[in-house]
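> So that we are looking at the same thing, I have put the structure below in structure tokens.
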Amino acid sequence: MASPIPAQFVPQNILLIKLRHHGDMLLTTPVINALRQRYPQANIDVLLYKETRPMLEAHPAIRQLHIIDRNWKKEGGWQKFRHEMALISAVRACRYDVVINLADQWRSAIITGLSGAPVRIGFAFAKRDNAFWRWCHNQQVPTTDHHSLHTVEQNMSALLPLGISADGAKASMHFSEPDRQKVQQLLSEAHINGPFVVLQPTSRWVFKCWEDEKMAQLIDALAAGGHTLVLTAAPDPHEMAMIRHIQSLCRSPNVISLAGQLSLPQLAALIDAAQLFIGVDSAPMHMAAALDTPCLALFGPTKLQHWRPWGDNNRVIWAGDYAPLPAPDSIDTKTDRRYLSAIPVEDVLAAARSLLHD
80 MASPIPAQFV
90 PQNILLIKLR
100 HHGDMLLTTP
110 VINALRQRYP
120 QANIDVLLYK
130 ETRPMLEAHP
140 AIRQLHIIDR
150 NWKKEGGWQK
160 FRHEMALISA
170 VRACRYDVVI
180 NLADQWRSAI
190 ITGLSGAPVR
200 IGFAFAKRDN
210 AFWRWCHNQQ
220 VPTTDHHSLH
230 TVEQNMSALL
240 PLGISADGAK
250 ASMHFSEPDR
260 QKVQQLLSEA
270 HINGPFVVLQ
280 PTSRWVFKCW
290 EDEKMAQLID
300 ALAAGGHTLV
310 LTAAPDPHEM
320 AMIRHIQSLC
330 RSPNVISLAG
340 QLSLPQLAAL
350 IDAAQLFIGV
360 DSAPMHMAAA
370 LDTPCLALFG
380 PTKLQHWRPW
390 GDNNRVIWAG
400 DYAPLPAPDS
410 IDTKTDRRYL
420 SAIPVEDVLA
430 AARSLLHD
């Protein structure tokens, strides 16, 4: 059993590790914000995958980001080993007092164990119940109640050894002034000078998406009510094709597409300026919730308890309230089936109008 951390312990250098997708990285920000509040003078660094860097690079509480590039493995075994050793050397050179590993991968555990930090916090995952995992993490946090907790609450529980509770946990998304100016320029070029609604119908996983026809009906109904609609999506060819199809089904000219034109921080700046965000279970949905923009989220067979938008200014419409859904863990993520199809347009429209105070 690890010794309790003394109440007077005040770390100067802290490393947070999370190796997951964009939305997961955003949901680490409550941990970063809580650490900044408790230790205002500490240096806080984060280790993450290269592609998720835009989610955190503008966060004012973070000193530096350590990067793992998934393309290292394409360079061959020796080069990959050199990259990994250089990363561990860079971590050790920072002389961290605390490393908090929010990940379950062996890679993150090894980096934690070799960091040299006197306090190394990790989760006591059942699948990692062995001596090496315990050596890597000399403070282990139980995960027995994680099934009933939101991802934010799961992440925040890692701070329990430091005496920091999950009360008031707040996510945040940050962007730069040039990002905001770029968005204003694009809106001006599209002749959008007043309020607007952002719709992100796409996801990297099609099974999380609503039907294109219903999205187009929603857009036309909102446009008929005088609202300006802005469509967004990642530059992925499949997502761009979905946007084009939705546009082809819309009768209203009052819809603009900025799909594929924005970086993630620029998308955050757009959402921050919007009246309302409407989207599916995705990183932009979490961004809207973190920015406190009113958020209407459409969910299908995802673990709603874990991934619903975090905050008070959100509304969720769940396909499971209209028809049976398969268990989330049973989904073939490569399927083209759209499990949100049971959600009726009129219910989404009514929720949108309510959030818009129409």
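When you line the sequence shown up against the working numbering, it's residues 80 to 437, in that order. All C-beta atoms, glycine included, are put in the ideal place defined by N, C-alpha and C.
According to DSSP, is PHE204 part of a helix, a strand, or is it coil?
coil
> Kindly identify the DSSP beta-bridge partner or partners of PRO221.
Looking at the DSSP assignment, PRO221 forms a beta bridge with ALA203.
> May I ask whether a heavy atom of the ligand MG can be found less than 7 Å away from the beta carbon of MET252?
As for the ligand MG, it is missing from this structure, which has no ligand bound.
> Alpha carbon to alpha carbon, what distance is there between VAL276 and CYS329?
Here the alpha carbons of VAL276 and CYS329 stand approximately 16 Å from one another.
> Could you check what DSSP says for TRP386 in three-state terms: helix, strand or coil?
TRP386 falls in the helix class under three-state DSSP.
> Thinking PHE286 and TYR401 are a contact (beta carbons under 8 Å), I'd like their distance in whole angstroms, please.
With 8 Å as the limit, PHE286 and TYR401 do not qualify as a contact, their Cβ atoms being about 16 Å apart.
> So, is GLU292 buried or exposed, given that buried needs 16 or more other C-beta atoms within 10 angstroms?
exposed
> Measuring CA to CA, which of HIS216, ALA295, PRO405 is closest to ALA188?
Looking at the Cα atoms, HIS216 is the closest of the given residues.
> Between the segment 118-132 and the segment 154-162, can you find at least three pairs of beta-carbon atoms closer than 8 Å?
no
> Distance, Cα to Cα, LEU95 vs HIS162?
19 Å
> Go through the segment 136-203 residue by residue and report every complete run of the alpha helix (DSSP H) that reaches 4 residues or more, in order.
156-172, 185-193
> Helix, strand or coil for CYS329, going by three-state DSSP, please let me know.
coil
> Specify, as a first and last residue, the run of the alpha helix (DSSP H) that GLY102 falls within.
101-105 is the span of the alpha helix (DSSP H), which, as asked, contains GLY102.
> Is SER336 helix, strand or coil when you go by DSSP?
Under the three-state reduction of DSSP output, SER336 falls in the strand class.
> Would you call the CB atoms of ALA347 and PHE254 closer than 8 Å?
Contact: yes.
> Using a Cβ-Cβ cut-off of 6 Å (strictly less than) and excluding sequence neighbours within five positions of HIS145, which residues of its own chain qualify?
The answer, listed in chain order, is LEU126.
> Check the DSSP bridge columns for ALA376 and list the partner residues they point to.
GLY358, VAL395
> Between ALA362 and the rest of its own chain, which residues show a CB-CB distance below 6 Å, the 5 nearest in sequence each way excluded?
HIS101, GLY102
> Quick one: is ASP426 buried, meaning 16 or more other Cβ sit within 10 Å of its Cβ, or exposed?
Exposed, by the Cβ-count rule.
> Are VAL231 and PRO407 touching if we call contact CB-CB under 8 Å?
no
> What does a CB cutoff of less than 7 Å around ILE422 pick up in its chain, not counting 5 residues either side in sequence?
So the list reads TRP289, LEU377, ILE396, ALA398, TYR401, once near-sequence residues are dropped.
> Less than 8 Å between the beta carbons of THR107 and ASN234, yes or no?
yes
> In whole angstroms, what separates the C-alpha of PRO221 from that of MET366?
28 Å
> By a C-beta neighbour count over all protein chains shown, 10 Å radius and 16 as the cutoff for buried, is PRO314 buried or exposed?
exposed
> Please go through the same chain and pick out, in chain order, the residues whose beta-carbon is closer than 7 Å to the beta-carbon of TRP214, but skip the five residues on each side of it.
GLY192
> Excluding the 5 residues preceding and the 5 following ALA430 in the sequence, name in chain order all residues of the same chain whose CB lies nearer than 8 Å to its CB.
Taken in chain order, the residues that qualify are LEU375, ARG394, ILE396.
> For ASN92, which beta-bridge partners are listed by DSSP?
ASN122
> Evaluate contact between the segment 302-310 and the segment 239-257, counting only Cβ atoms and requiring at least three cross-stretch pairs below 8 Å.
no
> Name the two residues that bound the continuous beta strand (DSSP E) containing VAL276.
276-279
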